[in-house]
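Report on the following structure.
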Amino acid sequence: MYRAKSLANVLPEKLMLWMSRNSSAVPAKHFSTAVAQEPFLSGSSANYVEEMYTQWQKDPKSVHASWDTFFKSASAGAAPGQAYMSPPSYTHLQQTPLMAMSAVMPQPQFGAQSQYALTPTASQKGPSDERVIDDHLAVQAIIRSYQTRGHHVASLDPLKVHYADLHSAFKDRKGTPPELVVRNYMLETKDMDRVFKLPGTTFIGGGDNALSLREILNRLEEAYCRHIGVEFMFINSLEQLNWIRKKFETPGVMQLTKEQKRLLMARLVRSTGFEAYLARKWPSEKRFGLEGCEVLIPAMKQIIDKSSELGVDSVIMGMPHRGRLNVLANVCRKPLEQIFTQFSTLEAADEGSGDVKYHLGTFIERLNRMTNKNVRMAVCANPSHLEAVDPIVQGKTRAEQFYRGDTEGKKVMSILLHGDAAFSGQGIVYETFHLSDLPDYSTLGTIHIVVNNQVGFTTDPRYSRSSPYCTDVARVVNAPIFHVNSDDPEAVMHVCNVAAEWRALYHKDCVIDLVCYRRSGHNESDEPMFTQPLMYTKIKAQVPLLELYSKKLVADGTVTESEVSEEKDKYEKICEESYKNSAAITQVFHKHWLDSPWSGFFEGKDPLKCGDTGVPEETLKHIGKRIGQIPPGNFVIHNGLKRILKGRTDLANERKVDWAMGEAMAFGALLKEGIHVRLSGQDVERGTFSHRHHVLHHQTIDKVTFRPLCNLYPDQAPYTVCNSSLSEFGVLGFELGFSMTSPNALVCWEAQFGDFNNTAQCIIDQFICSGQAKWVRQSGIVLLLPHGLEGMGPEHSSARPERFLQLCNDDPDYFPPEGEQFEMRQLQDINWQVINCSTPANYFHAMRRQIALPFRKPLIVMTPKSLLRHPEARSSFDLMLPGTKFLRVIPDEVNPQNVKRHIFCSGKVYYELNKERAARKLENEVAISRIEQICPFPFDLVKQEVKRYSNAHVVYAQEEHKNQGNWSYIQPRLETAIRDLPNVPRP
């Protein structure tokens, strides 16, 4: 497209035909929109035409004469086919050297054999004038080609191992194909000093609007082919494209002042010195050091400095192992004594539940000396599932923005660090990116930093990904990608400034790809030469970055060798002093490793006392009235919803609730008390089974909705109910992060079907069930998992309660001491709760108990499907009033004297057993007790019920197969509960 000399050769034939037919039919002001909507146009064609049309509106002389004629004629209303005037065809231009310089588009086929072959007219200019025009067009194409493809030949790899052949997807080792890059085309010497006018889509001229070809190429090489490679031309916004062009093309924009260079060197000294000190003191310890990417520390500090300057005062970070201790020490400024203590004086069991130091997080608030502003920094704990922390960071960031009213993301931001292999290999990265612009999940821009070791443990990139770059996944959300050679720290600083400014201005994600190397193996005790001998031969000979950069600064007179030595000695003394002080620390303080402490939440509370979960009747009536009302005004509602709302009103008048109303009552009462409620998941607004309807849609006007629970009281807390993306792993991680930010919120994630938790298992295993023991973190997150064997096949019916029960940390053989505080002591000690309610009232209390507890524990709820509309699954207001509470066991009311069989069960199977009991007329012979709280197991109440029916044979009934469901968990605990009742028939 861009090799052509005039309008006839600039456009593909289909576009030419379209323009000839539609020139007068499309007003000039709508030209770019009309072109962009044509299905046969490629994105680059439409973008180019749009840019040219925009430029023509500003300056008609800035475009080729044939375009000027066309735009003028079209806007003047020329008849179809008359707006375009054809120039002659010159086949010899195919051989012109300048014409061959651009490799952006295939050569269009125009000429004598084309149906658009043209005949010169007297009004047209001669060959020499045409050549001048053609050459200017060719130069514009060259500029665009550098902008689009320059990153392919940028010198990005400090080792010069992989990045020379990224474009070929690692299929061979033959180097860069010449046709891919404009600078490999032969140029005639006589053309190099010719002056060309610069288009409006480049900023290489600085204040000049014309440069020699030689200078144009030099400046393009400097901007796009040195140590920075920029991928951005796929972005749809012309404004954003021009912003990025300006940041990299403007002459002198990357230069640092003398003071900035000295600061950069000092930060490199700390980054390098920290790793060197740990290596000397603890040579046999794993630490996943930063050697080979020491520039990460000054890079992160620069991003935080620039973001602080732009208004940010809270930064939430997530990262894998590599460099975590260095980030904690030199970015967050976590006291070195606390870090050294983890190495020297503490046993593994003292670190949470024995987890390693390079997994834990922290929270620090300190003064940023560059901006003289306080900045809060949190690093989230993360397991070996390297990218699992990504959505958690986003959830925490969104929550902090929400509670601070930071609706524009100007105060709170997130930074995510990644490894190259994990970034391209783990699907959670893609899921997290796709949350970035969703209204209820966006954090208004995240800066991603990839520490690109160019190897994943022992796997070469050629065998760990199919894309040229590990960062290609970011292109799905139009995030600009800045590849940079980590051995050029000044280039890294420029990229960091651009990233921080991009995030502050556009509130969209961007990626910094720090192309570096890993000086040691996967960890310090690993031998990398087994699998990467050539790479590590080069690494052994590679001069460390601090040495390279300090020599450069000494050579240009920025610092002296003595100043470099003094800076190194200064930091060495800091480390030694901290090491001596660490010897006095004999126990770990968990607060030092918390990533978001709950200030004041635990103070003044009785840890063994739960607040009342009942609600006054007037509150229940008010909520029942509001959730049954048709929205005010002329809101057109679906006829089916009218029946549902009327049914709710009728139930409320009868002082009863069904499942949906019990949930709404619980949420509404919490909102009245100032507790924020957030319900998230796939289709939660309506509910998968069409029972919830918390968002009502206007039937004739798009995007007009009404949310009853948001309109209960004028001073209520906010209610967030939001359909999520079709993601379980990412969204559950997001909601977990949200729940960890504040204890004074009820955060619920609902699976569309219970078995959908399968694809969120990583979050469940790594963070939720082990959160308090491993990460020293509490969370009150609620998982709502529709469960029940009512068809849908063996894989789509069960929420797999057996899996959650296997992850419970209680001892099946231990019967805790009985007493008034039995329930609260159990809840204190358990890692989470698993319940399977059979009544709306008990579900109501379970939701409210999450907030009434003086601590926070995750809650797993096996929610029903058939009970949503079961006529017997109703509860009276009387079971929800003050003084009532969650019932761990619901006893039967059968006379014990005649009972021969005592059945324990859980959830909806109760109604099936009860129906069968009635059908067989066994109401006096069979008792059915419901265990509503499976974990922690209610030993005391089960014992009490068994003792009550002491002559009955005890059995447990469930709808699942014997190797599924609750049985394997309940059996040993049931034995423990009744072991002191020797005369009771055993189950």
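In the numbering used here, the protein residues as written are 115 to 1101.
The beta-carbon is built from N, C-alpha and C at its ideal position, and this holds for glycine as well.
Predicted model, so just to flag it, every value in this text is computed and none were measured.
Exposure of residue 665, with buried meaning 16 or more beta-carbon neighbours within 10 Å: exposed
Residue 770, buried or exposed, once every other Cβ within 10 Å from all chains shown has been counted against 16: buried
Secondary structure of residue 480, DSSP reduced to three states: strand
Residue 765, enclosing beta strand (DSSP E) - first and last residue: From DSSP, residue 765 is part of no beta strand (DSSP E) but of the alpha helix (DSSP H) over 753-767.
For residue 634 and residue 640, the rounded distance between their alpha carbons: 7 Å
For residue 974 and residue 948, believed in contact at Cβ under 8 Å, the rounded distance: 5 Å
Candidates 755, 1028 and 735, of which the one nearest residue 765 by Cα: 735
CB contact below 8 Å: residue 182 versus chain B: You won't find chain B in this structure, because it holds only one protein chain.
Nearest-angstrom Cβ-Cβ length linking residue 429 and residue 529, presumed shorter than 8 Å: 6 Å
Start and end residues, beta strand (DSSP E) containing residue 976: 973-977
Proximal residues to residue 282 (C-beta, below 6 Å), its chain only, five neighbours per side dropped: In this prediction, residue 282 scores a pLDDT of 44, lower than 50, which makes its location untrustworthy; no coordinate-derived value is stated.
The region 315-323 in contact with the region 586-602 per 3-pair CB rule at 8 Å: no
Beta-bridge pairing of residue 947 - partner residues as DSSP gives them: 973
Sufficient close CB pairs (3 or more, under 8 Å) joining the region 816-825 to the region 866-874: no
Per DSSP, cross-strand counterpart(s) of residue 309: 326
Runs of alpha helix (DSSP H) lying entirely within the region 500-537, each at least 4 residues, in chain order: 503-518
Inter-residue Cα distance where the pair is residue 274 and residue 397: 30 Å
C-beta contact flag for residue 629 and residue 597 at 8 Å: yes
Simplified DSSP state of residue 1075, which is helix, strand or coil: coil
Sequence-distant residues of its chain with Cβ nearer than 8 Å to residue 775 (five each side left out): 738, 741, 762, 765, 766 and 954
Residue range of the unbroken beta strand (DSSP E) whose run includes residue 490: 487-493
Beta-carbon spacing of residue 511, residue 557 below 8 Å: yes
Contact set for residue 963: own chain, Cβ-Cβ below 7 Å, skip 5 residues either direction: 724, 727 and 1000
Selection from 547, 371, 253 and 756 that minimises the alpha carbon distance to residue 673: 371
Start and end residues, beta strand (DSSP E) containing residue 686: No beta strand (DSSP E) holds residue 686; the alpha helix (DSSP H) holding it covers 675-696.
Distance CB(residue 513)-CB(residue 841) smaller than 8 Å: no
Residue(s) in a DSSP beta bridge with residue 560: 528
Three-state class that DSSP yields for residue 584 in the structure shown: coil
Residue 627 versus residue 437: straight-line alpha-carbon distance, rounded: 16 Å
Every unbroken beta strand (DSSP E) within the region 810-891, with a cutoff of 3 residues, ordered by chain: 833-837 and 859-864
Own chain residues within Cβ distance below 6 Å of residue 1047, not counting five before or after: 949 and 1002
CA nearest to the CA of residue 246, picked from 353, 593, 681 and 305: 305
Residue 333 and residue 313 closer than 8 Å at C-beta: no
Contacting residues, own chain, Cβ-Cβ under 6 Å from residue 1091 (five flanking each side not counted): 1053, 1056 and 1057
Cβ pair residue 489, residue 422 closer than 8 Å: yes
DSSP bridge partner residues for residue 595 (one or two, in chain order): 345 and 625
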